[in-house]
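Numbering (the working numbering), first residue to last: 1 to 133. Everything below concerns the one structure shown next.
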Ligand SMILES: [Cu+2]
């Protein structure tokens with residue numbers, strides 16, 4: 001085999017892998033919930049794609065990961081009116097961890113992320129989901 005051809009093929013393949021990453025957007029997210037933080041607290045995902053989320057609750061109380069609909073933000077405190085503005089959510093008991101999936105919103109933009117357990121948003125459980133093309 002011609003070494004030069006092999007090298008060019010390798011570099012082209014590498015470029016395809018790089019461009020597929022779309023500027024930091026990922027379909028595989030890992031999230032740690034704690035008292036009272038999201039780690040990380042900012043996520044970038046590709047619009048309309050199936051997202052796999054591996055989430056664990058390392059805290060001592062129940063936590064939620066709530067994605068709000070585009071253009072909405074939770075009230076302080078989180079109340080029944082906010083329930084209708086939820087795009088997707090998952091909740092975990094202390095010590096629990098699981099892998100779940102959801103479809104990223106089709107509209108690009110910044111979506112607010114919060115924990116709906118009373119007082120947690122105020123304590124710092126706030127983040128954002130950035131949806132890109
Ligand atoms: Cu919480």
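Glycine residues also receive a C-beta, built at the ideal position from the N, C-alpha and C atoms.
Does ligand 1 have a heavy atom nearer than 8 Å to the CB of residue i?
i	result
residue 126	no
residue 62	yes
residue 189	In the structure as shown, the chain begins at 1 and stops at 133. Residue 189 is therefore absent and cannot be evaluated.
residue 129	no
residue 36	yes
residue 33	yes
residue 59	yes
Consult DSSP for residue i and reduce its assignment to one of helix, strand or coil.
i	result
residue 98	strand
residue 64	strand
residue 107	coil
Out of the options, state which residue places its alpha-carbon closest to the alpha-carbon of residue i.
i	options	result
residue 150	115, 133, 81	Missing from the structure shown is residue 150; the chain here goes from 1 to 133 and no further.
residue 105	125, 86, 119, 93	86
residue 99	123, 44, 65	65
residue 54	125, 113, 89, 101	101
Leaving aside the five residues before and after residue i along the sequence, list all residues of the same chain whose C-beta is less than 6 Å from its C-beta, in chain order.
i	result
residue 41	127
residue 73	112
Counting only the same chain and skipping the five closest in sequence on each side, list residues whose C-beta sits under 7 Å from that of residue i.
i	result
residue 111	67, 68, 70, 87, 105, 128, 129, 131
residue 95	57
Going by the beta-carbon positions, is the gap between residue i and residue j smaller than 9 Å?
i	j	result
residue 125	residue 44	no
residue 76	residue 122	yes
residue 58	residue 33	yes
residue 31	residue 39	yes
residue 91	residue 62	yes
In its own chain, which residues sit with a C-beta less than 8 Å from the C-beta of residue i, not counting the 5 before and 5 after it?
i	result
residue 118	77, 78
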